[in-house]
Amino acid sequence: MLLGCIGDDFTGSSDLGNTLTKAGMRVTQYVGVPDAPAAAEVEAGIVALKSRSIAVADAVRLSLEALDWLRAQGCTQFLFKYCSTFDSTREGNIGPVAEALADALDARQVLVCPAFPATGRSIYQGHLFVADRLLNESGMQDHPLTPMTDPDIRRWLGYQTKGTVGLVPAQAVMQGVTHTRARMLEEDKAGHRLMVADAITDADLITLGQAAADLPLITGGSGIAMGLPGNFRARGLLSATQNQWMGQDGKAAILSGSCSNATRGQVAEHARSNPTREVTADQVMSGAITAQALADWALAQDGVPLIYTSADPAVVIDAQARFGKAAVATRIEGLFADLARALVAGGVTRMISAGGETSGAIVEGLGLAAFEIGPEIDPGVPMIRASDKLVLALKSGNFGGPDFFSRAAAMMEGTAR
Ligand SMILES: Nc1ncnc2c1ncn2[C@@H]1O[C@H](COP(=O)(O)OP(=O)(O)OP(=O)(O)O)[C@@H](O)[C@H]1O
Ligand SMILES: O=C(O)[C@@H](O)C(=O)CO
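So, in structure tokens, the structure goes:
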């Protein structure tokens, strides 16, 4: 294994797997820290954690355990993957995890680059944009767990870190690798270990990846991985072979706990011509609905059924105020985990989930160990194979076109491209 990656959620880790696979690496995504060595052919290993919204100390501990395992597999470079919308609270988790990994690796210069231009996330002068809006006006200010109310990534990260945060501005990145490295050195001399790097286009991300060829630790969204496989290829370290992907027939089902703008649009679109069932926070909290009853409903439908708790921000805020933010999230995630188990037990072979936390709950609920990464459905969302009978798509909240759900189900079956 060459590149060792630690993802702070499961959808984001499959997004990273997609980027690395497309760039020609042989990738395996692991669910949590494995207790056995990796297969010899794996070139990039991604340890997917569910550490985005847990307590800081737990996120740091798990990330260091993942690092130890990846080091034991022979990795020479490490990537900490978080969300392209920098999902974190002022108190949490990206800064402490990045600093703990940097300490463990003795890394002096650490890039921080959530940009992912294919999905509209760019960084300019340290400020994160989603399409033409600053992050805090993009809808992310209403996120149920990590509302992003400040677009200045240096400032937000600065709340989370012990050290100060520098900037590698677009003016340096756009002039190429030499200027980028020179600016990184200046930031290092100024005492900034973590440096937010501007990136507006894929070309900027490739430049940053090349500039980071010798850095032990890189952090960011999946975009920052674009340039890394080329560094290993240039050193003659990559095999040219890739896994063969096969579609999966059988029953499909969609589970959505994401409340993002994009997911709510996808839910509405799917509902126009498919069996769809809404579950409210009240039903979950009161126990009025059971996972088995929902699974029985889904398994009795023709077409591709969708079960969702996705709701408008005002509805989510109301439920959180009445039940408590963590309590309602935990109960809904628990329902989805039970539901996924009941669906697979009932014969579902293609499962699509929407939302990082939701997908994490489902993957853990199903007790899955590792994924092979398949072809891309939409930017940032690949199909992944968990076993010879189960194919998944873990959609990040804000990813995917309006008809994502039905298109994903068809592509996973191998009947459409
Ligand atoms: N109706 C609801 N009321 C309150 N909380 C909800 C409701 N529906 C879902 N949730 C919770 O909101 C959270 C949504 O987070 P999740 O990560 O799944 O989606 P997302 O944030 O849109 O996706 P991503 O992290 O990929 O951007 C989950 O913890 C989920 O349990
Ligand atoms: O980077 C992204 O936006 C996604 O991979 C993700 O992590 C959302 O959960």
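Basically this note's numbering = 1-based index in the sequence shown + 1200.
Idealized CB from N, CA, C, for every residue including glycine.
For clarity, every value in this text was computed on a predicted model and none was experimentally measured.
Residue state for residue 1599 is assigned as coil, using DSSP reduced to three classes. With distances taken between CA atoms, residue 1348 lies nearest to 1289 out of 1548, 1552, 1447, 1289.
By the Cβ criterion, the segment 1230-1250 is in contact with the segment 1552-1567, since at least three pairs of Cβ atoms, one from each stretch, lie closer than 8 Å.
The straight-line gap separating the alpha-carbon atoms of residue 1492 and residue 1508 is approximately 15 Å. Counting along the chain, no alpha helix (DSSP H) covers residue 1202, and no H or E run does either. When beta bridges are read from the DSSP output, residue 1281 appears opposite 1207, 1420. Shortest gap from the CB of residue 1283 to any heavy atom of ligand 2: under 7 Å. Residue 1215 has its CB nearer than 7 Å to a heavy atom of ligand 2. Distance from the Cα of residue 1609 is smallest, within the candidate group 1237, 1351, 1502, 1454, for 1454. If you keep only unbroken alpha helix (DSSP H) runs of at least 4 residues inside the segment 1332-1415, you get 1353-1360, 1370-1373, 1377-1389, 1402-1411.
Secondary structure note for residue 1549: its beta strand (DSSP E) is the uninterrupted segment 1548-1554. Using a Cβ-Cβ distance cut-off of 8 Å, the segment 1496-1506 and the segment 1458-1475 are in contact, since at least three pairs of beta carbons, one from each stretch, lie closer than that value. In this structure, the beta-carbon distance from residue 1285 to residue 1321 falls below 8 Å.
Between ligand 2 and the CB of residue 1421, the shortest heavy atom gap is smaller than 7 Å.
A Cβ closer than 5 Å to some heavy atom of ligand 1 marks a residue here, and those residues are 1211, 1344, 1457, 1458, 1460, 1481, 1509, 1511, 1516, 1519, 1528, 1529, 1532, 1533, 1555, 1556, 1557, 1558, 1596, 1597. Separation of residue 1410 and residue 1429 (C-alpha to C-alpha, rounded to the nearest whole angstrom) is 9 Å. Residue 1286 carries a coil assignment under DSSP once its states are collapsed to helix, strand and coil. Unbroken beta strand (DSSP E) runs of no fewer than 3 residues, entirely contained in the segment 1480-1537, are found at 1506-1508, following chain order. As a beta-bridge residue in DSSP terms, residue 1451 pairs with 1548. With a cutoff of 7 Å, residue 1580 counts as near ligand 2, since its C-beta is closer than that to a heavy atom of the ligand.
Look at residue 1574 here: in three-state DSSP terms it is strand.
In this structure, ligand 2 has a non-hydrogen atom nearer than 7 Å to the beta-carbon of residue 1316. Within the model, the alpha-carbon separation for residue 1562 versus residue 1222 is close to 26 Å. Taking a contact as a CB-CB distance under 8 Å, the pair residue 1395 and residue 1384 counts as one, their CB atoms being some 6 Å apart. Within the segment 1211-1276, the alpha helix (DSSP H) runs of at least 4 residues that lie entirely inside it are, in chain order, 1256-1272.
With at least 16 other beta carbons inside 10 angstroms of its own, residue 1229 counts as buried. For residue 1316, there is no enclosing alpha helix (DSSP H), as DSSP gives it neither H nor E. With respect to the C-alpha of residue 1517, the residue from 1481, 1368, 1209 having the closest C-alpha is 1481. Excluding five sequence positions before and after residue 1338, the CB atoms of its chain that fall closer than 7 Å to its own CB belong to 1330, given in chain order. Remark: the shortest separation between the CB of residue 1209 and any heavy atom of ligand 2 falls under 7 Å. Sequence-distant Cβ neighbours of residue 1421 in its own chain, meaning closer than 6 Å and more than five residues away, are 1284, 1314, 1316.
Within 10 angstroms of the beta-carbon of residue 1602 lie fewer than 16 other beta-carbons, which makes it exposed.
In this structure, residue 1408 and residue 1427 form a Cβ contact; the two beta carbons are roughly 6 Å apart against a cut-off of 8 Å.
The way I'd put it, the segment 1360-1367 doesn't touch the segment 1400-1407; fewer than three beta-carbon pairs between them come closer than 8 Å. DSSP places residue 1478 in no alpha helix (DSSP H) but in the uninterrupted beta strand (DSSP E) bounded by 1476-1478.
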